[in-house]
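Participant: Encoded as structure tokens, here's the structure I'll be asking about.
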Amino acid sequence: MTDQLEQTGTTGRDDDGTGETRPGYDAVAAQTRWQKFWETDQTFTPKDDGSAERRYVLDMFSYPSGDLHMGHAEAYVMADVVSRFLRLRGYDVLHPIGWDSFGLPAENAAIQRGTHPAEWTYANIETQATSFRRYGLSVDWSRRLHTSDPEYYRWTQWLFLRFRERGLAYRKASYVNWCPKDQTVLANEQVVQGACERCGTVVIKRQLTQWYFKITDYAQRLLDDMDQLQGGWPDRVLTMQRNWIGRSEGAHVDFSVEGGPEDGRVVTVFTTRPDTLYGATFFVVAPDAALAGELVTDEQRPAFEEYLARAQQATEIERQATDRPKTGVFLGVHAVNPANGERLPVWAADYVLAEYGTGAIMAVPAHDARDLEFARTHDLPVRRVIDTGEPDPAESGVATTGDGTYVSSGELDGLEGKEAGVRRMVERLEADGVGAGAITYRLRDWLLSRQRYWGAPIPIIHCPDCGEVAVPDDELPVELPYLTGSALAPKGTSPLAGAPDWVATTCPRCGGPGQRDTDTMDTFVDSSWYFFRYCSPGYADGPFDPDDVRRWMPAAQYVGGVEHAILHLLYMRFFTKVLFDMGLVDFVEPTQRLLNQGQVINQGRAMSKSLGNGVDLGAQIDQFGVDAVRLTVVFAGPPEDDIDWADVSPAGSLKFLQRAHRLAQDVTSARGTDPATGDRALRRETHRLLAEVEQLVEGQRFNVAVARVMELVNATRKAVDSGPGAADPAVREAVEAVTIALSLVAPYVAEEMWELLGHEPSVANASWPVVDRSLLVTESVTCVVQVQGKVRARLEVTPDVTEDELRTRALADDGVVRALAGREVAKVIVRAPKLVSIVPA
């Protein structure tokens with residue numbers, strides 16, 4: 001890319017050909033001038049009056065952790081290209097902006113500074129807002145929102161209560177992911193390779209009573225509705241979500257427990273292979289599942305509790321590692337196999353997770369590698385029930401997992417294939433009343449409680465007589481008490497518990513004393529519905545006006561990082577489906593198209609202060625101007641690819657922009673002059689550009705669109721310098737096309753050029769030129785003629801020339817005749833209209 005930019009930029013001149021130097025493009029002056037104009041003119045505020053078809057372009061929320069960085073530079077320019085293009089195509093475009101302003105970084109900063117999180121948060125928001133304006137984003141500032149504003153989180157709390165009324169928000173005690181550093185629980189999705197996705201601390205398990213959203217009720221709909229997203233969302237995102245939801249088909253099987261304090265209790269397990277029931281030789285329960293503590297005998301309890309303590313110190317990643325020794329402890333009880341009545345010893349083992357199914361499995365060691373390793377370690381039986389033609393696992397020590405013929409399996413003996421075996425066994429289980437076909441999901445309910453301060457308080461009052469009582473709607477929002485500095489320090493419980501005057505309240509139901517819930521909500525709750533609020537800023541009768549949402553949504557385009565493929569995107573889809581069921585929206589997917597931008601790296605690595613390879617966005621803008629940085633980012637490659645800043649050239653981008661600007665200075669034909677009277681060749685170049693850029697932007701190939709603009713700048717410069725000249729109406733048409741197309745990525749220089757061309761501001765209010773399709777028809781094609789592989793002639797022919805005509809013309813050409821030198825022709829290969837290959841005898 002650098003070479004192309006440098007070549008494009010340095011072929012222009014600083015004068016008009018007579019030696020007289022002209023003023024160039026002043027990036028800083030242009031930025032100041034046009035920011036003020038756009039704000040005063042409200043250029044990017046949608047009309048929303050029905051005069052044009054509506055389109056909603058949405059950026060993922062920014063978190064106000066500091067000023068904008070290079071990642072922001074890429075993410076936000078991509079959505080801006082789409083937004084500006086849609087405006088030029090005549091759509092009424094909603095492109096709002098806001099901040100995801102609750103969260104741990106602000107709270108930690110407040111603890112370090114002895115201040116309130118709002119001070120750090122809102123100062124950073126203002127810094128970013130100034131930078132966003134400077135960056136030339138075509139956003140509607142009148143719809144700006146912050147999730148930490150009480151007027152916003154009032155509706156977050158309202159939605160929580162509506163979810164609770166529908167049975168989708170509930171509280172339970174369970175083992176949860178706990179970050180020792182941040183002193184808060186984490187949802188499963190926030191644990192990455194056993195560590196906190198925010199701070200990297202190894203996550204441990206801790207038993208707490210927490211609030212959950214019942215997202216599992218929507219698991220199948222989240223899968224099914226992906227059909228609506230196919231083609232509009234990246235395939236890899238859809239695959240990631242499918243894998244996370246993890247639909248599994250199999251059966252629930254009932255085992256009766258014998259012995260211990262729960263003698264006679266029925267324990268149900270889920271298995272994808274009920275056809276291997278006859279091969280089950282032991283039973284395993286996750287040590288941290290409540291079931292294990294309930295089943296263990298008094299005699300085995302000391303050993304079990306010692307083992308449980310060790311298991312809780314291991315991360316899930318460690319527990320699932322294939323090379324980790326398979327440890328466990330016998331619980332002193334047996335489970336009765338419903339297929340054959342065999343008594344299976346029940347063990348607690350940490351390779352089984354409490355979150356999987358019911359936290360218990362039937363172990364079939366002959367056909368599962370982990371079960372086999374455990375069986376061999378603890379001298380448990382191994383029984384093959386599927387003959388795959390491979391050695392018996394009991395002898396080889398290698399589990400077999402393929403299909404084959406059922407053996408030692410009672411009524412299944414002699415059957416072949418998993419499908420037949422599963423079907424037959426499910427039929428028997430259902431007939432005997434000891435099981436049934438079932439579907440389960442890897443997805444777990446969304447744990448939304450957080451033991452930190454800077455978040456939306458959960459609007460529940462705990463009353464000793466009435467239990468959990470919702471805060472009445474007319475008392476929302478439940479605002480945060482004012483806490484600062486050390487009062488915010490993590491203590492293992494929420495800092496809100498240390499505000500007794502805030503905690504103590506009155507039960508809305510009985511009027512007696514009550515206590516507020518001291519947990520706050522996961523910030524992903526805030527960002528699961530913000531895009532609805534953008535449609536109704538300031539609406540006071542609900543989280544949004546359903547009529548406003550109906551006009552604007554689903555969003556036409558969403559832009560953000562692929563790192564949110566599971567967390568944010570899954571949650572926002574869940575929220576949308578619940579709102580649909582509530583009758584507040586009439587669609588089930590919030591956005592039709594999704595664009596994931598890549599990362600901006602440097603020298604082949606992620607930018608880092610410790611590596612010394614950081615690039616400061618503000619410094620780049622100061623040196624080269626906003627337009628040059630935006631152009632560099634867009635031109636670097638496809639949006640989804642990473643950009644290595646060491647391989648790009650903002651200096652080359654600036655030279656190209658200066659060259660384009662000089663074209664606008666060169667035009668001398670009057671505005672409104674009929675371009676049809678101008679140079680036809682240049683007009684063909686212009687209309688080809690317009691047609692191709694339309695397709696390229698719609699296909700999100702923004703970098704190629706920029707390359708096409710560069711080609712037209714070259715062609716137009718050639719026409720001015722050595723062609724029909726600056727007065728030709730086709731030159732004006734070409735420069736206007738360049739200006740409009742360039743406004744997508746370099747809005748400041750485009751505004752300057754539009755004004756130089758004699759138009760009223762703003763180019764953002766212009767219309768995308770109508771493409772003259774007749775000019776896209778190629779009038780002639782150059783046909784290459786080869787003799788023995790060497791080019792001997794080039795013929796200008798029509799695109800529809802016939803093979804016979806092309807053969808005749810090629811053989812008659814003087815250059816071909818000379819090359820043949822009287823030799824006979826053995827073969828003539830014709831590939832009309834572009835190639836003729838002649839082979840002499």
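Going by UniProt numbering, the sequence shown opens with residue 1, and the numbers climb by one from there. Glycine included, every Cβ here is placed at the ideal spot set by N, Cα and C. This one's a predicted model, so the numbers in the text were calculated from it and none came from an experiment.
1. VAL382 to PHE283, Cα distance in whole Å?
2. Helix, strand or coil, according to DSSP, for TRP502 in the structure here?
3. Can you tell me the Cβ-Cβ gap for THR209 and ARG164, rounded? I've got them flagged as a contact below 8 Å.
4. Mind checking whether GLN31 and LEU68 have CB atoms under 8 Å apart?
5. Determine the DSSP secondary structure at ARG273, reduced to helix, strand or coil.
6. For the stretch 676–694 against the stretch 746–762, are there 3 or more C-beta pairs whose distance is under 8 Å?
7. Can you check whether the CB of MET78 is closer than 8 Å to the CB of GLN599?
8. Along the chain, where does the beta strand (DSSP E) containing PHE330 start, and where does it finish?
9. Just grab the DSSP bridge partners of residue 884 for me.
10. On the criterion of 16 or more Cβ atoms from any shown chain inside 10 Å, does ARG550 qualify as buried, or is it exposed?
11. Locate the alpha helix (DSSP H) running through GLY815, then write down its first and last residues.
12. Measure how close the beta-carbons of ARG792 and VAL816 come, nearest whole angstrom, since I'm counting them as under 8 Å.
13. What is the rounded straight-line gap between the Cα of GLY604 and the Cα of LEU308?
14. Quick check on the burial criterion: 16 or more other C-beta atoms within 10 angstroms. Buried or exposed for THR18?
15. Scan the stretch 324–397 and note each continuous alpha helix (DSSP H) run of 4 residues or more that stays entirely inside, going in chain order.
16. Around the Cβ of ASP275, are there at least 16 other Cβ atoms within 10 angstroms (buried) or fewer (exposed)?
17. Can the beta-carbon of THR505 be found closer than 8 Å to that of GLY492?
18. Just to confirm the assignment: which complete alpha helix (DSSP H) runs, minimum length 4, are found wholly within the stretch 641–685?
19. Closest to VAL364 by CA distance: which of ASP323, ALA664, THR271, PRO325 is it?
20. For a test of the three-state rule: what should DSSP assign to ASN124, helix, strand or coil?
21. Please report how far the alpha carbon of ILE97 lies from the alpha carbon of MET753, in whole angstroms.
22. Taking contact to mean 3 or more Cβ pairs, one atom from each stretch, closer than 8 Å, check whether the stretch 220–232 and the stretch 403–412 are in contact.
23. Just to confirm the assignment, what range does the alpha helix (DSSP H) spanning GLY560 have?
24. Would you call the CB atoms of LEU186 and CYS199 closer than 8 Å?
25. Can you give me the start and stop residues for the alpha helix (DSSP H) that HIS72 sits inside?
26. Do LEU238 and ASP182 count as a contact pair if the criterion is CB distance below 8 Å?
27. Which value, in whole angstroms, describes the spacing of the CA atoms of THR10 and ALA715?
28. Classify LYS655: buried if its beta carbon has 16 or more other beta carbons within 10 angstroms, exposed otherwise.
29. Should VAL797 and SER780 be called a contact, given that it needs their Cβ atoms to be closer than 8 Å?
30. Check PRO724 in the structure and name its three-state DSSP category.
31. Check whether the stretch 564–582 and the stretch 30–48 are in contact - that is, three or more C-beta pairs closer than 8 Å.
32. Where does THR739 land, buried or exposed, given buried means 16+ other C-beta within 10 angstroms?
33. Identify the continuous alpha helix (DSSP H) that holds ILE111 and give its terminal residues.
34. Which of the three DSSP states, helix, strand or coil, is assigned to ASN703?
Facilitator: According to the structure shown:
1. Locating residue 382 in the sequence shown gives position 382, where the first residue counts as 1. Locating residue 283 in the sequence shown gives position 283, where the first residue counts as 1. Each residue's alpha carbon lies about 13 Å from the other.
2. For this step, residue 502 is matched to residue 502 along the sequence shown. DSSP places TRP502 in helix when its eight states are reduced to three.
3. Counting from one through the sequence shown, the residue named residue 209 turns up at place 209. Counting from one through the sequence shown, the residue named residue 164 turns up at place 164. THR209 to ARG164, Cβ: 15 Å. No contact.
4. Here residue 31 corresponds to residue number 31 of the sequence shown, with the count starting at 1. Here residue 68 corresponds to residue number 68 of the sequence shown, with the count starting at 1. Cβ distance not < 8 Å, so GLN31 and LEU68 don't count as in contact.
5. Within the sequence shown, residue 273 is the residue found at index 273, counting from 1. Here ARG273 sits in coil by DSSP.
6. no
7. Position 599 of the sequence shown, counted from the start, is the residue given in the question as residue 599. Position 78 of the sequence shown, counted from the start, is the residue given in the question as residue 78. No.
8. Your numbering for residue 330 matches position 330 in the sequence shown. From DSSP, the beta strand (DSSP E) with PHE330 extends over 329–336.
9. What the structure shows of the chain is the stretch from 1 to 841, and residue 884 is not part of that stretch, so it cannot be assessed.
10. For this step, residue 550 is matched to residue 550 along the sequence shown. Classification of ARG550: exposed, given that the 10 Å Cβ count is below 16.
11. Counting from one through the sequence shown, the residue named residue 815 turns up at place 815. Counting along the chain, the alpha helix (DSSP H) containing GLY815 begins and ends at 814–820.
12. Residue numbering aside, residue 792 sits at position 792 when the sequence shown is read from its first letter. Residue numbering aside, residue 816 sits at position 816 when the sequence shown is read from its first letter. About 5 Å; that satisfies the 8 Å criterion.
13. To locate residue 604, count along the sequence shown from 1; it is residue 604. To locate residue 308, count along the sequence shown from 1; it is residue 308. In a straight line, the C-alpha of GLY604 is about 44 Å away from that of LEU308.
14. Here residue 18 refers to the residue found at position 18 when the sequence shown is read from its first residue. Note that THR18 has pLDDT 38, beneath the 50 cutoff, so the model's placement of it is unreliable and no number is given.
15. 369–377, 393–396
16. By one-based count along the sequence shown, residue 275 stands at place 275. Classification for ASP275: buried.
17. Counted from its first residue, the sequence shown places residue 505 at position 505. Counted from its first residue, the sequence shown places residue 492 at position 492. No.
18. 650–666
19. Start at 1 with the first residue of the sequence shown, and residue 364 comes out as number 364. Selected option, being the one with the closest Cα: THR271.
20. By 1-based counting over the sequence shown, the position of residue 124 is 124. ASN124 falls in the helix class under three-state DSSP.
21. Working through the sequence shown from its first residue, we reach residue 97 at position 97. Working through the sequence shown from its first residue, we reach residue 753 at position 753. In a straight line, the C-alpha of ILE97 is about 28 Å away from that of MET753.
22. no
23. On the sequence shown, residue 560 is found 560 positions in, with the first residue counted as 1. From DSSP, GLY560 is part of no alpha helix (DSSP H) but of the beta strand (DSSP E) over 557–561.
24. To locate residue 186, count along the sequence shown from 1; it is residue 186. To locate residue 199, count along the sequence shown from 1; it is residue 199. Not closer than 8 Å, so no.
25. Translated into the one-based positions of the sequence shown, residue 72 becomes position 72. Residues 70–88.
26. Locating residue 182 in the sequence shown gives position 182, where the first residue counts as 1. Locating residue 238 in the sequence shown gives position 238, where the first residue counts as 1. It is not a contact, given that the beta carbons lie outside the stated cut-off.
27. Taking the first residue of the sequence shown as position 1, residue 10 is located at position 10. Taking the first residue of the sequence shown as position 1, residue 715 is located at position 715. Caution is warranted here: a pLDDT of 30 is assigned to THR10, below 50, making its placement in the model unreliable, and no coordinate value can be reported.
28. Locating residue 655 in the sequence shown gives position 655, counting from the first residue. With 16 or more other Cβ atoms within 10 Å, it is buried.
29. As a first step, residue 797 must be located in the sequence shown, where it is residue number 797. As a first step, residue 780 must be located in the sequence shown, where it is residue number 780. Taking 8 Å as the Cβ cut-off, VAL797 and SER780 qualify as a contacting pair.
30. On the sequence shown, position 724 is the one that residue 724 refers to. Residue state, collapsed to three classes: coil.
31. no
32. As a position in the sequence shown, residue 739 is number 739, starting the count at 1. It counts as buried.
33. For the purposes of this step, residue 111 is taken as the residue at position 111 of the sequence shown. First-last of the alpha helix (DSSP H) with ILE111: 104–113.
34. Within the sequence shown, residue 703 is the residue found at index 703, counting from 1. Three-state result, ASN703: helix.
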